[in-house]
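Participant: Protein chains in written order, with this note's numbering: chain Z, 59 to 173; chain X, -6 to 103. So that we are looking at the same thing, I have put the structure below in structure tokens.
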Amino acid sequence: EADIYQTPRYLVIGTGKKITLECSQTMGHDKMYWYQQDPGMELHLIHYSYGVNSTEKGDLSSESTVSRIRTEHFPLTLESARPSHTSQYLCASRKQGGAYNSPLHFGNGTRLTVT
Amino acid sequence: EDKVVQSPLSLVVHEGDTVTLNCSYEVTNFRSLLWYKQEKKAPTFLFMLTSSGIEKKSGRLSSILDKKELFSILNITATQTGDSAIYLCAVTTGANNLFFGTGTRLTVIP
């Protein structure tokens, strides 16, 4: 049962539109991540956060932005969508701290198509 | 440069076969290695390994870590068509980074 929720599950929009992909988790995790994944391809980290008011860019250059105003919420925004943004976007979270980093919990993803 | 390499990239087997998936890594300040199974949607967690030589087992799946040789294997015995998926390996480090491999696509045919 998912404790990390992404909406919408699927989205088809036209070029130039502004969109926000939502991600919420109920586990109280400090660390949250956004990954981009094309079908059958590897995961690419585009943004991450270690807590409220903390956001960092990941390995893959992205034109998206994120915010972390509340622990449980980590939305991703595209100001002007382009066909090159067509992909699956996966949100994940994990617990902070401890000697061994805890596993990632993933949401079910948002599949975005920009026409 | 930190990296995680999985092999093979893809594998096709018949039901009932046993498969071994490999994950090798080169990272600074290793903390843990994780295996995930990804079908059509989000990856689901399988195992987290932190100590060498201790096998983790769940049903027909098992995994072990070798911190000296910097690799892990994921074994699946008596494969079923439902095992068809991409299997992802990820490594976490002391700097709180998480590195994913490209995954192994396993296809099990009846």
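Where a beta carbon is used, it is the ideal one built from N, C-alpha and C, also for glycine.
Please tell me whether LYS(-4) (chain X) has its Cβ less than 8 Å away from any Cβ of chain Z.
Facilitator: So, not an interface residue.
Participant: Does the segment 77 to 88 of chain Z touch the segment 97 to 106 of chain Z, meaning 3 or more C-beta pairs lie closer than 8 Å?
Facilitator: The answer is no - the segment 77 to 88 of chain Z does not touch the segment 97 to 106 of chain Z, with fewer than three Cβ pairs under 8 Å.
Participant: Taking ASP61 (chain Z) as the reference, which of Z:ARG140, Z:LEU69, Z:GLU130 and Z:GLY74 has the closest Cα?
Facilitator: Looking at the Cα atoms, Z:GLU130 is the closest of the given residues.
Participant: Just to confirm my understanding: we take SER55 (chain X), look at its own chain, exclude 5 residues before and 5 after, and list those with CB closer than 6 Å. What are they?
Facilitator: Cβ within range, chain order: GLU48 and ASN68.
Participant: Check HIS143 (chain Z) in the structure and name its three-state DSSP category.
Facilitator: Correct three-state label for HIS143 (chain Z): helix.
Participant: Who pairs with TYR91 (chain Z) in a beta bridge, going by DSSP?
Facilitator: Beta-bridge pairing links TYR91 (chain Z) to Z:TYR106 and Z:ALA150.
Participant: Starting from HIS131 (chain Z), trace the beta strand (DSSP E) in both directions and tell me its first and last residue.
Facilitator: Note, HIS131 (chain Z): premise wrong, no beta strand (DSSP E); not H, not E.
Participant: Give the DSSP-derived three-state secondary structure of ASP10 (chain X) in the structure shown.
Facilitator: In this structure, ASP10 (chain X) counts as coil in the three-state DSSP scheme.
Participant: Could you check where the beta strand (DSSP E) with ASN68 (chain X) kicks off and where it finishes?
Facilitator: It spans 64 to 69 - the beta strand (DSSP E) in which ASN68 (chain X) sits, taken as one unbroken run.
Participant: Do CYS16 (chain X) and GLY75 (chain X) have their C-beta atoms closer together than 8 Å?
Facilitator: No, the pair does not count as a contact, with Cβ atoms beyond the cut-off.
Participant: Whole angstroms is fine: what's the gap from LEU136 (chain Z)'s alpha carbon to CYS149 (chain Z)'s?
Facilitator: Spanning the two alpha carbons is a distance of roughly 15 Å.
Participant: In three-state terms, what does DSSP make of THR135 (chain Z)?
Facilitator: Reduced to three states, the DSSP call for THR135 (chain Z) is strand.
Participant: Look at the alpha carbon of LYS50 (chain X) and the alpha carbon of ARG24 (chain X), and state the distance between them as a whole number of angstroms.
Facilitator: Looking at the two C-alpha atoms, the distance is approximately 20 Å.
Participant: Rounded to the nearest angstrom, what separates GLY74 (chain Z) and MET90 (chain Z) at their Cα positions?
Facilitator: Going from the Cα of GLY74 (chain Z) to the Cα of MET90 (chain Z) covers about 27 Å.
Participant: Could you please give me the residues that DSSP links to VAL(-3) (chain X) through a beta bridge?
Facilitator: For VAL(-3) (chain X), which the question treats as bridged, DSSP gives the partners X:TYR18.
Participant: Assign GLN94 (chain Z) to buried or exposed, taking buried as 16 or more other Cβ atoms, counted over all protein chains shown, within 10 Å of its Cβ.
Facilitator: It is buried - the Cβ of GLN94 (chain Z) has at least 16 other Cβ atoms within 10 Å.
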